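Trainee:
There are 2 protein chains.
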Amino acid sequence: MTGIRAAARKEISAEIKRLARVQIASKGAANLSLREIAREMQMASSAMYRYFDSRDQLLTELIVENYDNIADSVEKADAKCARDDIRSRWMAMAESLRTWALRHPSDYGLIFGTPVPGYAAPPDTVDPGRRYTNVLLRLLVDAHVAGYVATVDIPPAKGFVKEYKHVQSNLGISLPDEMLLAGLAAWAAMFGAISFELFGHVDQVFVNPGTHYSALAHMLGEQLLGISN
Amino acid sequence: MTGIRAAARKEISAEIKRLARVQIASKGAANLSLREIAREMQMASSAMYRYFDSRDQLLTELIVENYDNIADSVEKADAKCARDDIRSRWMAMAESLRTWALRHPSDYGLIFGTPVPGYAAPPDTVDPGRRYTNVLLRLLVDAHVAGYVATVDIPPAKGFVKEYKHVQSNLGISLPDEMLLAGLAAWAAMFGAISFELFGHVDQVFVNPGTHYSALAHMLGEQLLGISN
DNA sequence: ACGTTATTGTGAGCAGTGCTCACAATAACG
DNA sequence: CGTTATTGTGAGCACTGCTCACAATAACGT
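Read top to bottom, the protein sequences are chains A and B. Everything in the first sequence is counted per the working numbering, starting at 1 for the first residue and increasing by one. Everything in the second sequence is counted per the working numbering, starting at 1 for the first residue and increasing by one.
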């Protein structure tokens with residue numbers, strides 16, 4: 001019954017990942033050491049390679065898990081709100097993003113930090129990597145259907161309409177360009193703000209970054225998405 | 001006359017940094033190797049430590065240079081515009097940010113990527129790290145003085161006004177909170193967008209990221225900063 | 001139930017890393 | 001011109017990722 005070994009494999013893989021996360025949180029991904037993990041597990045360092053092809057592959061698997069975790073978090077926050085309460089949903093997901101990031105700073109850093117040059121995400125990492133964004137996209141669609149109109153101007157730049165046709169198709173949605181532009185702008189602002197905070201670029205600026213962040217989310221919801229209530 | 005040695009020191013330091021940048025661009029900061037640099041320079045690896053206390057210190061010096069470079073770039077772009085042409089100045093600095101980042105992706109990644117956990121920026125790195133943001137702040141002040149009004153709403157959250165008093169004081173400016181909030185939002189959005197693009201999070205979304213970026217800058221200038229022309 | 005096969009763990013070993021240190025050469029300075 | 005401080009050297013330490021031949025053993029087919 002393909003049992004004892006498969007079970008052990010699961011446990012050991014999980015323990016390796018757990019210890020890897022601990023190390024990354026305290027020393028950074030660059031200083032993650034498979035040998036140290038092996039030592040902590042009282043195993044030979046070479047045994048690690050029975051579970052992960054390489055250090056990089058371990059990191060990749062952690063990244064995929066992180067994508068799933070942040071998506072879970074945002075989806076859950078969104079799901080708690082009444083479907084037609086667009087404004088609350090936006091605020092909930094914005095807050096959940098930052099909350100997750102603050103609770104798991106090194107996990108956030110692993111996802112949204114500098115990748116290795118030339119790094120091509122393995123095919124099975126791209127789907128999880130889109131989940132968290134899909135939550136936003138569903139919100140935009142719902143907002144549009146509910147009659148909200150993004151109060152932004154499409155710029156007169158040639159090529160914009162064409163580009164956004166591609167974007168809509170790539171994202172598998174169909175929205176007014178205004179709404180999509182507003183949504184992507186708000187999205188970029190939230191992640192920009194979180195990265196600034198987590199990566200230490202505004203330490204000397206804010207006393208309570210959360211206050212600013214909430215104001216940002218509120219203001220962008222009103223001003224860009226047009227979901228003022 | 002304290003000559004031959006001081007001159008050599010400058011040259012060698014510069015060459016080390018140059019080779020370090022090449023390595024970082026091709027293999028990432030995590031894989032930067034002092035020994036490899038020494039090999040390329042036909043020197044003993046221990047000689048590197050006559051010029052830099054450690055690998056981390058080399059990286060820190062590169063970061064400071066990068067801060068200076070991006071600030072130079074933004075300042076120069078801004079300086080090319082008529083002082084009273086707020087809108088052009090905003091667009092010029094937004095574009096120059098992305099242009100610089102695309103031209104020096106690994107340098108951008110070094111600055112805005114995940115820092116080592118617990119990393120405390122050495123005192124002499126914090127000033128250069130503010131220069132590029134000061135360009136934005138000066139623009140906001142000029143816009144305010146010129147009579148532009150940010151068309152955004154301050155959220156009714158308790159604590160916001162107090163927080164923003166601190167922010168204004170920390171940044172050494174005095175602006176309507178609306179303008180400051182709008183400015184920081186736009187700033188976060190631009191950096192969020194650039195990081196998304198450079199770190200590979202929107203590869204499957206955009207065909208011409210630049211088109212979207214310009215639209216973003218244009219739209220945020222109009223919609224948030226109120227500098228529609 | 002038994003023999004074959006595939007999986008797991010081992011320890012030695014290779015090539016690489018950052019960094020230190022005693023030492024020699026030499027430019028800079030009083 | 002002699003002393004001092006700076007620069008470069010090579011050996012060496014402790015560490016890393018990763019490979020490989022080998023032994024133990026769970027899983028599977030007959």
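C-beta atoms are modelled at their ideal positions from N, C-alpha and C, and glycine is treated no differently. These figures come from a predicted structure and were not determined experimentally.
Within 8 Å (strictly less), CB to CB, does Thr211/A reach chain B?
Mentor: Chain B contact via Cβ: present.
Trainee: At 8 Å on the CB atoms, spell out the chain A contacts of Asp127/B, in chain order.
Mentor: Those do not exist, as Asp127/B stays about 10 Å from chain A at its closest Cβ, beyond 8 Å.
Trainee: Quick one: Cα of Leu136/B to Cα of Glu197/A, how far?
Mentor: Distance between the alpha carbons of Leu136/B and Glu197/A is about 18 Å.
Trainee: Taking C-beta pairs closer than 7 Å, name the residues in chain B that Leu58/A reaches, listed in chain order.
Mentor: Chain B residues near Leu58/A: none, gap ~14 Å exceeds 7 Å.
Trainee: Taking all protein chains shown into account, do 16 or more other C-beta atoms lie within 10 angstroms of the C-beta of Asp124/B, making it buried, or fewer, making it exposed?
Mentor: The residue is exposed, with fewer than 16 neighbouring Cβ atoms inside 10 Å.
Trainee: Check for me: the alpha helix (DSSP H) holding Leu139/B runs from which residue to which?
Mentor: Unbroken alpha helix (DSSP H) run through Leu139/B: 128-145.
Trainee: Distance check for Pro122/B and Glu61/B, CA to CA, integer angstroms please.
Mentor: Glu61/B and Pro122/B: Cα-Cα distance of roughly 10 Å.
Trainee: I'd like to know whether the C-beta of Asp153/A is nearer than 8 Å to at least one C-beta of chain B.
Mentor: Yes - at least one Cβ of chain B is within 8 Å of the one on Asp153/A.
Trainee: Is Val116/B near the ligand MG, with its Cβ less than 7 Å from a heavy atom?
Mentor: The ligand MG is absent from the structure shown, which contains no ligands of any kind.
Trainee: Comparing alpha-carbon positions, which option in Gly118/A, Phe112/A, Val116/A, Arg138/A lies nearest Gly129/A?
Mentor: Cα-wise, what sits closest to Gly129/A is Phe112/A.
Trainee: Kindly list, in the order they appear in chain B, the residues whose Cβ is closer than 8 Å to that of Phe112/A.
Mentor: Within 8 Å Cβ-Cβ: Thr114, Ser195, Phe199, His201.
Trainee: What residues of chain B sit near Gln223/A, judged by a beta carbon separation below 9 Å?
Mentor: Those are Thr151, Val152, Asp153, Ala182, Ala185, Gln223, Leu224, listed as they occur along chain B.
Trainee: By a C-beta neighbour count over all protein chains shown, 10 Å radius and 16 as the cutoff for buried, is Gly3/A buried or exposed?
Mentor: It counts as exposed.
Trainee: With a CB to CB cut of under 6 Å and the five nearest residues on each side skipped, what residues in its chain are close to Arg55/B?
Mentor: Cβ neighbours of Arg55/B beyond the five flanking positions: Leu34.
Trainee: Any Cβ of chain B within less than 8 Å of the Cβ of Ala188/A?
Mentor: Closer than 8 Å: yes.
Trainee: Helix, strand or coil: which one does DSSP assign to Asp85/A?
Mentor: Coil.
Trainee: Could you check where the alpha helix (DSSP H) with Leu198/B kicks off and where it finishes?
Mentor: Note, Leu198/B: alpha helix (DSSP H), 177-198.
Trainee: Hey, could you find the ends of the alpha helix (DSSP H) Arg5/A is sitting in?
Mentor: Element bounds for Arg5/A: 4-27.
Trainee: Between which two residues does the alpha helix (DSSP H) carrying Lys158/A extend?
Mentor: Segment: none, Lys158/A is in no alpha helix (DSSP H) and carries neither H nor E.
Trainee: Just to confirm my understanding: we take Lys80/B, look at its own chain, exclude 5 residues before and 5 after, and list those with CB closer than 7 Å. What are they?
Mentor: Taken in chain order, the residues that qualify are Ala92.
Trainee: Taking Cβ-Cβ distances shorter than 7 Å, what residues in chain B pair up with Phe160/A?
Mentor: Near Phe160/A (Cβ distances below 7 Å), the residues of chain B are Thr211, Ala215.
Trainee: Counting Cβ pairs closer than 8 Å, one from the segment 17-31 of chain A and one from the segment 95-109 of chain A, do we hit at least three?
Mentor: Verdict: yes, contact present.
Trainee: Please classify Asn66/B as buried or exposed, where buried requires at least 16 neighbouring CB atoms within 10 angstroms.
Mentor: When all chains shown are included, Asn66/B counts as buried.
Trainee: For Glu163/B, would you say it is in contact with chain A, using Cβ-to-Cβ distances shorter than 8 Å as the test?
Mentor: Yes, its Cβ sits closer than 8 Å to a Cβ of chain A.
Trainee: For Gly118/A, count neighbouring Cβ atoms within 10 angstroms of its own Cβ and tell me buried if that reaches 16, exposed if not.
Mentor: Exposed, by the Cβ-count rule.
Trainee: Buried or exposed for Asp53/A, going by 16 or more other Cβ atoms inside 10 Å?
Mentor: The residue is exposed, with fewer than 16 neighbouring Cβ atoms inside 10 Å.
Trainee: Under 8 Å between the Cβ atoms of Arg89/B and Leu171/B?
Mentor: In this structure, Leu171/B does not lie closer than 8 Å to Arg89/B by Cβ.
Trainee: Let me make sure I understand the geometry here. Which of Pro176/B, Ser96/B, Met219/B, Ala71/B has the alpha-carbon closest to that of Val231/B?
Mentor: Past the edges of chain B, shown from 1 to 229, lies residue 231/B, and the structure says nothing about it.
Trainee: Around the C-beta of Val145/B, are 16 or more other C-beta atoms found within 10 angstroms, so that it is buried, or is it exposed?
Mentor: The residue is exposed, with fewer than 16 neighbouring Cβ atoms inside 10 Å.
Trainee: Between the Cα of Ser13/B and those of Phe160/B, Arg39/B, Met48/B, spot the shortest distance and give me the residue it belongs to.
Mentor: The shortest Cα separation from Ser13/B among Phe160/B, Arg39/B, Met48/B belongs to Met48/B.
Trainee: Are there 16 or more other CB atoms within 10 angstroms of the CB of Gly221/B, so buried, or fewer, so exposed?
Mentor: Flag for Gly221/B reads buried.
Trainee: When the Cα of His212/A is compared with those of Val167/B, Trp100/B, Ala29/B, which residue comes out closest?
Mentor: Of the listed residues, the one whose Cα sits closest to His212/A is Val167/B.
Trainee: Quick one: which chain B residues come within Cβ less than 8 Å of Gln168/A?
Mentor: Those do not exist, as Gln168/A stays about 10 Å from chain B at its closest Cβ, beyond 8 Å.
Trainee: Identify whether Ala120/B lies in helix, strand or coil by the three-state DSSP scheme.
Mentor: Three-state DSSP puts Ala120/B in coil, outside helix and strand.
Trainee: Is the Cβ of Lys27/B closer than 8 Å to any Cβ of chain A?
Mentor: Cβ-Cβ to chain A under 8 Å: yes for Lys27/B.
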